[in-house]
Amino acid sequence: MEGYEELVKDPIVREKEALALWQQQDTFAKCLEQTKGGQRYVFYEGPPTANGKPHLGHLMPRVYKDLFPRYKTMKGYYVARKGGWDTHGLPVELEVEKEIGVNSKPEIEAYGVERFVKRCKESVWRYKADWESMIERMGFWMDEENAYVTYTDDYIESVWWELAQMFDRGLLYQGHKVLPFCPRCGTGLSSHEVAQGYKTVKDPSISVRMLINGDEECCYKQELPGRTALLTWTTTPWTMPANVALAVAPRATYAEVEQNGERLILAKALLGQALEGDYRVVRQFLGKELVGLRYEPPYVLVDDATAYSVHAAEFVNMKEGTGIVHIAPAYGEDDYQLAQEEGLPFFHPVNLSGEFTKEFPLCSGTSVKEADPLLIDDLTKRNLLYRLVLYEHEYPFCWRCDTPLLYYAMDSWYIKTTAVKDQLNTNNRQINWYPAHVGSGRLGDFLANLKDWALSRDRYWGTPLNLWICESCGKVIAVASRAQLVELAVDRKLASTVEFHRPYIDAVELVCGECGNKMRRVPNVIDAWFDSGSMHTAQWHYPFENTDEFKNSFPADFICEAVDQTRGWFYTLLATSTIIHGEAPFRNCIATGFGLDESGLKMSKSKGNVVDPWELIDVYGADCLRWYLYSSSAPWKSKRLGEANVKEPLYRFLDTLCNTYNFFALYASIDSFDPMKHQATRQQLNVLDKWILSRLSSTVNKVTTGLDNYDVVSATEAIESLLEELSNWYVRSSRRRFWKGGMEGDKIAAYTTLYRVLIDLVRILAPFVPFITEAIYQRLRTMGDPESVHLCSYPDSEDGQVDHDLELAMAAARQVVSLGHQARNRARIKVRQPLHRILVETNLPLGEEICWLIEKELNVGTIEQVPTVEAYLKKTPNPNFRTLGPRLGAKAQMAAAWLKTQSPESLVKAFDAGTSIEAQIDDEDVEIREEDVSFEAVPPKGFLLAEEGEVRLLVDANLSDKLREQGLMREIMHSVQLLRKEAGFAVSDRIIVGYETDRRLTDLITEHRETIAAEILAVDLVSRLEQDYEYTEELTIGASTIIFGLSRSDKSE
RNA sequence: GGGUCUGUAGCUCAGCUGGUUAGAGCGCUCGCCUGAUAAGCGGGAGGUCCCUGGUUCGAGUCCAGGCAGGCCCA
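Start counting the first sequence at 1; every next residue gets the next number (the numbering used here).
Shown next, in the form of C-alpha cells:
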C-alpha cells in the first residue's frame, strides 16, 4: 500500500475530481444497472421550464429530489429518475413576444403563427444548458437522456388520450364562465395563475344613485312625491354600462334616509361608512321588500323586460359598499351566476382587448381603465354620482405582464372536476404529505371548495385541444390518438405526419360520423398545467407503448416540489390521475419552503433579489450548499440563502470530516496500515473503540429511521453528533494510541476502528454530500470494494451492535470532563497544572478505562467514583426572605441572623423529621419552617464543586509541592513550545536552548533536564546565555523570571 | 375577507404526548491545548419563549382573542 492520500480542504478541487470520476466511470449508469433487478422506488420529476435561468430557490426541492433516490438506491431499490421538461404555455409565448417585439394577439397573427410557434419551440431550450450544468455540478443524478418533453407529439398523444376519455365520460364541457382575463395576453387565466398576481392598489370606488321607477310589483312603497334613489357601489366604474340589475341581501335591514332634501336607500349597517355628512333615517325595512323594484340605470344598453330591477342574493355582504350591489353579468362571477338563475340579459359592451365597443358610444375604443374617468365625469354631470373615494383593495394582475385583469365572461372548455370531488378527497387522504397540513389544510381546503378546471386557452403554443366540431350538425368528438385522427381525416396523408401543434393541426379536417360533413378543430390550446399533471402517463407515451414501464412506475413513491405547487402540479397530477386511473399518483410528497434572500424576502425575479447559485457553488461547493439545506431546518421551512448562513457547514461539518480523515491518513500512511492485513479482534478493542462502534450503529439506526420517514433533519442531526464525537472525543482521546511505535494489538484496534467508522460514515453520508464522501471513499477503499461510494450498499442497522450502557457511561464521562474544565476555569487552575484527584458522583458505573480517559483529559491523578459527595460537603443555611418577610416583618432580619448561628445538621435533622423549629427571637417564640430555609452545599477548603444534571464533581485542588513542581515543569515546556512557534521554527526542528533564571527554577530544570529536552526537541539545554540566539525572550513563570534563548541546531532533521 | 404556517439568545434553528434551572450551532468573550497545527478544545455572557386573557398544582407547549410576517385562496 502506498499510503493514504491527503484530502485537500478546497471543496471545489475535490468536487471537480469527483465529477470527473463519475463521468469517466459512468457511475450513475452503473448504479441503475446494479439495481435493475431490485424493487422499484418510483420518483417523478416535476418538470422545470428551461426558458428561465435556474436560481438558488430552485435548489430547495432539488436537494431532496436527489437525496431520497440516492438513499433508496443504496438500499437496493431501482430508482429510475427519468427527467422531464415543461415546455408549453404562456410564459414561453411571452418570452418570444418580447424577442420579436410584439405585444398582442393580432400582432402575433400578423407575424405568422407558424413562425411564432417555431420560435417558441426553440425558446424553451434557451437555458437548458444552464439547468443541466447546475444539475450536474450539484451532483443531482437524473436521467436526462430519456427525459420526457411535454411538447413532443408522443407526449401530446398521451394527453389527448386522457382528454378523450374525459370527454367520452362527459367530463369535458363547454361553459360560459366569468374568468379573470388578461386583455393584453388575450387569454383567460386559470385560478392557479391568478393567485400569483394579487396586489394592493387604489381604485376609484363610486356610489351611484339608481332612481326608483315604480313600485307596483314590490312591497316597498314610495311615500312622498319626488324620486328616491337606491345607492349602489362599485370599485369598477367601467362595468356601469353593463349594469342589468341590482342585488340586495333579503334578510338584512335597509334604511331610507333623507339628506339635503334627497332620499336614499341603502343597508342600515353601512350608513355610517357609505354616507357623507348628516342624514336622517326616515324608516327601516328588510331587504326583501326592495326585491322587484324597478329602477333607472345610468346607461340603458339593453331593451329587455327582465332588466333593471332589484333581486335578492346571498352574496351581498354588509362589510363594504352600500349593501346594494350593482350587477354586470359579463364581468363578475357572482353577477353571472345571478343572471343565469334569474334569466337576466347578458351582453358585452367591452371586447377581448379590454376596449369598449360601438355599443357604448360614450367610450367606444377606450380601454376600460381609461374609461373610468370619462364615466365618472358623465355620472357627475348627470348628478348620479353620490360619492367618489379612492379605495384600497387587493386586485389581481396578470402574473406575467402585470396588466390588471378583468373579470370577463368567456367561452371556455372545462373539466368537470367537481364530478370527482369525493374521489379526489379520498385519494388525497391516501397521500403522506410532508408537512401534513399541506394535504389536509391547503390542498384539502382547495378540494373542499373545488371548482371546475378551466382548461382551454385562446393562445398558440400549447397542447392543442383535441376537439373537432362538425360545421353543419354541430357534433363534437375528442380524438384519442393519431390513428384515430388519420382514420377520420379528410386528408389522411396530412393527418399521418402532421405535427400536433398549431397552426399545423388546425389544417386537419375530419369527416363527421353523423352527417358526413367537415369537422374543424376548436381553436384552443390547453392549460400547460394539464401537460405536466399528466406526466404519470404521458412520460411513457402510455398507452401507445411502454405499458410495462408505466405499470411499474405508477404510482410514484415520492415527489417533491416547492409548496406553491400545491394547487399547481400536486393538484393537477392528482386530478388527472384520479379521473384517468382512479387513484392518487404519488404516495409521499414533500412540499418545500421557499428560498429567501439574506433579509428574509422571497427570491423572485420581479424583486430582483435572486441569488445566482454559482456565486455560492463556486466558492463553498455543492456539498456545503446541500448540507446546509438538509440540516438547517425542516424542508418545508423557508430558508435564508445568504452567504453567511450557507457557508457555515463547510467549516463546522465538512472540514471536521476532512480533518478526521486527514488525521487517519497521516498516521495510517506512516504505519502502512492495511485494512486487509491488519484486523483487530473484538478482544483487542478498547473502550473507546467499542464506544464509537456502538455510536456508529445507533447513528445508522437513527438515520435510517429518519430517512424512511422522510425526516431529513433528525438524520442530519444524528450524523453531526457522530462526527462531533468521532473527532472531538474518539480521535482526540485516541491520539496517543496512534503515536506509539510498532504495530501491536491496541494500535491495530485503533486503526481498524477508525477505518471502519470512517468508511461507514462516508456511506451513511453519501446520499447527502456525494462529493466529499466519494473523495474519502476513494482514498480508503481496498481491492474488491465497489469502485464508487455510490455503488456501495447503505450501512445496515442490523450489522452493528448498540451498547446503550456504554454510550451512557461515555456521555457521562464527557460531562465529567466538561465539569472538570468548568471547575478549573472558575478556580483559574490551568489544565497544565496536575491535580491530585477528583471525586465523581454519578449513578452510572464509569469503569476503569473510562476513568483513565478522564484522568488524562483533566490532568488529574485519580478519579474516584463515589455514591455521593454529600459527606464531603458542608451545608450552610440561607434564609428565604420570601416566606420570612411577609410573616415576620421587621423580625425577618433577626431570624436570619439567628439561623446563621444554628448548626446546619440540627436544622436538617428537624426538617427531615417533618417538624418546624421554635426560635427565640426578640423575646418571642417564632416558628421556623422548612420552606424558610434553603441549604447551600459548600465544598471544603481547597475543593471545587461542579454539578450538572445527575453528575456532581468534587475536585481536590489542594496542591502539594510535588504537584506544583510538575505544574511548573509543564509551564516551562509550554513556554518553550510557544517560543518555538513565535520564532517560526518548524515542528520537527531540533533546537539549542539556553536560559537564565533564579535558583529554584534552575534546580528544577536541571533535575528534569532529560524530560524537558526530549519534549521540546532540544539537543542542548544549558543554564546560561552565551552566544547570539536566533530568538530571545524574557518570561514570567510562576513567581520567577526567566530568559530563554533559542536557536535551531544544525542537526535538524 | 377565508385557509394555513411561522414568531424561542445578536444570527440560524431544536424543544415529543404540558413537569426540575428553556437547549444546540454560529457569532461574541475569556481561557485552554499544542505530535490533526493557517487545526483543535473548554468556560462564560446573551432569552418578558410576539402580546393579552383562560384552563391547570404547574404553560414555550393546551384553549381563545389579538399583533407581526410568509404562503395559498378570494
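Note that the Cβ used here is the ideal one computed from N, Cα and C, for glycine as well. Fair warning: this is a prediction, and the values are worked out from it, not measured in the lab.
By how many angstroms is the C-alpha of residue j removed from the C-alpha of residue i?
| i | j | result |
| --- | --- | --- |
| Thr592 | Ile135 | 18 Å |
| Ser456 | Thr49 | 20 Å |
| His790 | Leu1004 | 59 Å |
| Glu359 | Pro349 | 6 Å |
| Tyr41 | Glu487 | 40 Å |
| Gly57 | Leu629 | 11 Å |
| Ile917 | Ile928 | 5 Å |
| Glu1053 | Gln1027 | Confidence in Glu1053 is poor, its pLDDT being 39 and thus under 50, which makes the residue's placement unreliable; the coordinate value appears in the next sentence. One C-alpha to the other measures close to 23 Å. |
| Val117 | Arg251 | 55 Å |
| Ala983 | Ser1049 | 14 Å |
| Lys16 | Thr773 | 13 Å |
| Val769 | Trp131 | 20 Å |
| Asp564 | Trp636 | 11 Å |
| Asp623 | Gln25 | 21 Å |
| Thr27 | Arg814 | 42 Å |
| Glu807 | Leu693 | 10 Å |
| Leu7 | Asn659 | 8 Å |
| Phe943 | Leu839 | 10 Å |
| Arg587 | Gly568 | 17 Å |
| Met1 | Thr752 | The predicted position of Met1 is uncertain, since its pLDDT is 47 and thus under 50; no value can be drawn from it. |
| Lys1051 | Glu950 | Because Lys1051 carries a pLDDT of 47, less than 50, the predicted location of this residue cannot be relied on, and the following value inherits that uncertainty. One C-alpha to the other measures close to 55 Å. |
Just curious, the alpha helix (DSSP H) that residue i is in, first and last residue?
| i | result |
| --- | --- |
| Cys624 | 622-632 |
| Phe356 | Here Phe356 belongs to no alpha helix (DSSP H), and DSSP marks it neither H nor E. |
| Pro373 | 368-381 |
| Lys36 | It is not in any alpha helix (DSSP H) - Lys36 carries neither H nor E in the DSSP assignment. |
| Tyr16 | Before going on, a small fix: residue 16 reads as Lys here, not Tyr. Start and end: 11-25. |
| Pro61 | 59-74 |
| Tyr111 | 105-111 |
| Ile580 | 571-580 |
| His678 | Taken as a continuous stretch (DSSP letters only), His678 belongs to no alpha helix (DSSP H), as it is neither H nor E. |
So residue i and residue j are in contact, right, with Cβ under 8 Å, and what is the actual spacing, rounded?
| i | j | result |
| --- | --- | --- |
| Gly1108 | Leu270 | The chain is shown from 1 up to 1053; residue 1108 falls before or after that span and cannot be answered. |
| Leu1025 | Ile991 | Contact flag wrong, Cβ pair sits at about 14 Å. |
| Met210 | Tyr299 | Their Cβ separation, rounded to whole angstroms, is 11 Å, which puts Met210 and Tyr299 out of contact at 8 Å. |
| Thr1035 | Ser975 | The question names Thr, but residue 1035 is Leu in the sequence shown. Yes, Leu1035 and Ser975 are in contact; Cβ-Cβ is about 5 Å, under 8 Å. |
| Phe500 | Pro464 | 6 Å |
| Trp160 | Val508 | Trp160 to Val508, Cβ: 13 Å. No contact. |
| Ile206 | Ile376 | 6 Å |
| Tyr571 | Leu666 | Not quite, the Cβ-Cβ distance comes to about 56 Å (not below 8 Å), so this is no contact. |
Go ahead and label residue i buried or exposed: buried means 16 or more other beta carbons lie within 10 angstroms of its beta carbon, across all protein chains shown.
| i | result |
| --- | --- |
| Ser903 | exposed |
| Phe550 | buried |
| Asp10 | exposed |
| Asp760 | buried |
| Trp739 | exposed |
| Tyr386 | buried |
| Arg1088 | Residue 1088 lies beyond the residue range present for the chain, which begins at 1 and ends at 1053; the question has no answer from this structure. |
| Cys470 | buried |
| Asp335 | buried |
| Asp66 | buried |
| His804 | exposed |
| Glu256 | buried |
| Pro834 | buried |
| Thr1006 | exposed |
| Met535 | buried |
| Asp557 | buried |
With a threshold of 6 Å on Cβ separation, who are the neighbours of residue i within its own chain once the five nearest residues in sequence on each side are excluded?
| i | result |
| --- | --- |
| Phe699 | This sequence places Thr at residue 699; Phe is not what is there. Counting only Cβ-Cβ distances below 6 Å, and skipping sequence neighbours, we find Ala718, Leu722. |
| Leu963 | Pro834 |
Residues in the same chain with beta-carbon distance under 7 Å from residue i, minus the five sequence neighbours each way, listed in chain order, please.
| i | result |
| --- | --- |
| Lys416 | Leu171, Tyr173, Asp452 |
Note down, in chain order, each residue of its chain lying with its Cβ closer than 8 Å to the Cβ of residue i, except the 5 sequence neighbours on either side.
| i | result |
| --- | --- |
| Glu1033 | Leu979, Glu982, Ile1043, Phe1044 |
Tell me which residue opens and which closes the beta strand (DSSP E) that residue i is part of.
| i | result |
| --- | --- |
| Val860 | 860-866 |
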